[in-house]
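For the protein sequence lines, the chains are A and B, in the order given. Position in the first sequence (first residue = 1) + 1124 = this note's numbering. Position in the second sequence (first residue = 1) + 1124 = this note's numbering. In this text, a Cβ means the ideal position worked out from N, Cα and C, and glycines have one as well. Just so you know, these numbers come straight off a predicted model, no measurement behind them. Remarks on the structure that follows.
2 protein chains.
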Amino acid sequence: MKTKHIPPEWAFEFHGHRCPFMPLGYRMGKLALEYLGIEREKDHGFFVFPEIGIGHPQMCFADGIQAATGATYAKGLMEKTFYGKLAATFYHPKKGAVRYSLKPEFIDEFGKFEFFAYRKKGVEPSEIPLSVADEVINWVYEQTDESMFKVEPRPDFKYTPVKGSFNKARCSICGEYVFERYVRMKDGKPVCIPCSEYEKR
Amino acid sequence: MKTKHIPPEWAFEFHGHRCPFMPLGYRMGKLALEYLGIEREKDHGFFVFPEIGIGHPQMCFADGIQAATGATYAKGLMEKTFYGKLAATFYHPKKGAVRYSLKPEFIDEFGKFEFFAYRKKGVEPSEIPLSVADEVINWVYEQTDESMFKVEPRPDFKYTPVKGSFNKARCSICGEYVFERYVRMKDGKPVCIPCSEYEKR
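Here it is as C-alpha cells:
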C-alpha cells in the first residue's frame, strides 16, 4: 500500500458506513499532523476548517479528519467554511497552518468507480455492496500522496478562539442553565435565547 | 450501575481525553434512540441539534452524541444551535422529535466534583489525574436517568434537510472543484467563494 494511514476499525464504526471519503479524510488529517509536527489533539489546542457545506456529497471526509486529528466538532475544534470544496485548513497556534485539498485529476479518476454510480442513483452508502465500497477504498490506498493532495502552507492564516467562561445563570422562565455568553435580558430578567423569543422575528 | 449506556473505549479515543461529559452525551444519545425507537444512524437520515455554542465548558457531551447515534458532523447530521445550554433535540423524519436536557439539580451536584475544580483552574482534561476523572464518570454511571434528564417530546419540531446535488464545476481561477451550490460568478465565469473575494466586504 502507498499509505500507512489506514483508519482503525473504530473510525468506520464511528462514521456509520464504509465509504471511500472517511478514509480519505483520515489520511489527510494524519498527513497534516505530520506536516505540522504535532500529535493527535487530546484537548482544545488544534483547529480544522473543512471547506464543505450542505447539500453536496463527499462531506464524509471531515469525519475522517475528526477521527485522525482529535479536532472534534463538540470540542469546538472543527468548523465548516461552507465553500463546497474538498479541502481543509489545519491550524496550530504554535506551528502555523497548512491547507490540504484533493487534486481535480484525482477526483476525476476516483469518480469513475462503481461506488459513485450507486450514490448518484440515490443508494445510501450502507446499502452499497461491501465489495463495491472496498474496491474504491483499496484503490485509494494504492495511490501516492502526491497524486492525491495539493499542499499549501498558509503563513498568513489567523484564527483566535474565543475566551471561554464557566459562568452560567438560570433562565428566569424555563429554569434551565445557560452559559453567560448566551444569556439574554427580558423584562429585566435573565432568560435563555428560546425563552427570550428574540429569534422569532 | 444505573445505566447500561457506557461508551466503548473507542469513543474515548475518538474524543481524545477522559472527561465526564462525553459519556453523558453518549448516554443521552442512546436514550434518545430508544425513546424514538430507532437504531444508530448509518447514513443520512437522523438529525441532532445540540444546544451548545462557543466559549463555554461541557460542550464535549455532543461528541458522545456523535459516537452514540451516528449523527455525525461531517455527514451533515449535527448542528449546534448556539443557545449555550446542556441539551439537544433529536429528530427522525418518521419518528418525530424529542429534546433531552440535563436537570439543573443534577448539574449542581455534578459540579461539586474535583474534576471541575481542575478545569476552572485552567487544567486541560488530559492533564487531570485519571482517578479524578474516573471519580465523577463513575458517579454519573450510578445516577438514574430520571435524576439526570428532562425529556420533552417536541411534536411541532420541523426540519427539512436541503436537497443534495452531485453537480460540480471547476473554479476558473484556482482550478479546484466546487459543488454547484457554492459556485459564484465573476466576470462571467464560475469561481469558488474564496477566489470570488465576495466575502471580503
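Asked, Found
"Just curious, the beta strand (DSSP E) that A:G1220 is in, first and last residue?", "1220 to 1226"
"Go to B:E1259, then tell me how far its alpha helix (DSSP H) extends in each direction, as first and last residue.", "1254 to 1265"
"Among B:F1281, B:Y1207, B:K1227, B:F1290, which one has its Cα closest to the Cα of B:T1268?", "B:K1227"
"Excluding the 5 residues flanking B:S1250 on each side, which residues of the same chain have their C-beta closer than 6 Å to its C-beta?", "H1141"
"Find out if the Cβ-Cβ distance for the pair A:L1148, A:F1185 is shorter than 8 Å.", "yes"
"If you follow the alpha helix (DSSP H) that A:P1318 is part of, which residue opens it and which one closes it?", "1317 to 1320"
"Rounded to whole angstroms, what's the CA-CA distance from A:M1202 to A:T1196? Just pull it up for me.", "6 Å"
"With A:K1292 as the anchor, note down where its beta strand (DSSP E) starts and where it stops.", "1292 to 1294"
"Is B:M1152 helix, strand or coil when you go by DSSP?", "helix"
"Beta carbons nearer than 7 Å to chain A: which residues of the region 1283 to 1312 of chain B have them?", "V1286, K1287, G1288, S1289, F1290, R1294, G1299, E1300, Y1301, V1302, F1303, R1305, Y1306"
"Give the DSSP bridge partners of B:T1196, in chain order.", "According to DSSP, which records beta bridges pairwise, B:T1196 is partnered with nothing at all."
"Residues of chain B with CB under 9 Å from A:A1198, in chain order?", "H1139, F1145, M1146, G1149, P1174, I1176, M1183, C1184, F1185, A1186, D1187, G1188, I1189, Q1190, Y1197, M1202, K1204"
"Using a Cβ-Cβ distance under 8 Å, would A:R1278 count as near chain B?", "no"
"Using CA coordinates, which residue listed in B:E1137, B:S1225, B:K1126, B:Y1150 is at the minimum distance from B:L1188?", "The question names Leu, but residue 1188 of chain B is Gly in the sequence shown. Measuring from the Cα of B:G1188, the nearest candidate turns out to be B:Y1150."
"Can a CB atom of chain A be found closer than 8 Å to the CB of B:Y1322?", "no"
"Taking only beta-carbon atoms, is A:H1216 less than 8 Å away from chain B?", "no"
"Does any C-beta atom of chain B lie closer than 8 Å to the C-beta of A:L1210?", "yes"
"Do A:F1206 and A:V1172 count as a contact pair if the criterion is CB distance below 8 Å?", "no"
"Against B:I1261, what residues of chain A qualify as contacts under a CB-to-CB distance less than 8 Å, listed in chain order?", "Those within 8 Å of B:I1261 in chain A number zero; the least Cβ separation is about 16 Å."
"In terms of residue numbering, what span does the alpha helix (DSSP H) encompassing A:H1139 cover?", "1133 to 1139"
"Report the residue from A:K1292, A:K1287, A:K1274, A:I1261 whose alpha carbon sits nearest the alpha carbon of A:M1146.", "A:I1261"
"Spatial neighbours of A:E1242 within its chain, please: C-beta separation below 6 Å, excluding the five flanking residues on both sides.", "Before going further, note that residue 1242 of chain A is Tyr rather than Glu in the sequence given. Cβ within range, chain order: I1252."
"Round the Cβ separation of B:M1309 and A:G1200 to the nearest angstrom and send it over; I've been treating them as touching at under 8 Å.", "Actually they do not touch by this definition, with Cβ atoms about 34 Å apart."
"I'd like to know if the region 1125 to 1135 of chain B and the region 1309 to 1320 of chain A are in contact, where contact means that at least 3 CB-CB pairs between them fall below 8 Å.", "no"
"Would you report the Cα separation of B:P1181 and A:E1248, rounded to the nearest angstrom?", "36 Å"
"Run through chain A and tell me which residues come within less than 7 Å of B:H1180, C-beta to C-beta.", "G1288, S1289, F1303, R1305"
"Do you know offhand how far A:E1165's Cα is from A:G1194's?", "5 Å"
"Between the beta-carbon of A:R1278 and the beta-carbon of A:V1222, is there less than 8 Å?", "yes"
"Here's the rule I'm using: 16 or more other beta-carbon atoms within 10 Å means buried, otherwise exposed. How should B:K1154 be labelled?", "buried"
"Under three-state DSSP, which class holds B:M1183?", "coil"
"Using a Cβ-Cβ cutoff of less than 7 Å, which residues in the same chain neighbour A:Y1265 once the five nearest sequence positions on both sides are dropped?", "M1125, K1126, T1127, I1130"
"Check the DSSP bridge columns for A:M1309 and list the partner residues they point to.", "A:P1314"
"For the region 1242 to 1261 of chain A, enumerate the residues whose C-beta is nearer than 9 Å to any C-beta of chain B, in chain order.", "R1243, K1244, E1248, P1249, S1250, E1251"
"Who are the Cβ neighbours of A:Y1283 in its own chain at under 7 Å, not counting the five residues just before and after it?", "F1171, Y1215"
"So which residues of chain A does B:D1269 contact, with C-beta pairs closer than 8 Å?", "Within 8 Å Cβ-Cβ: nothing; B:D1269 doesn't reach chain A, min ~18 Å."
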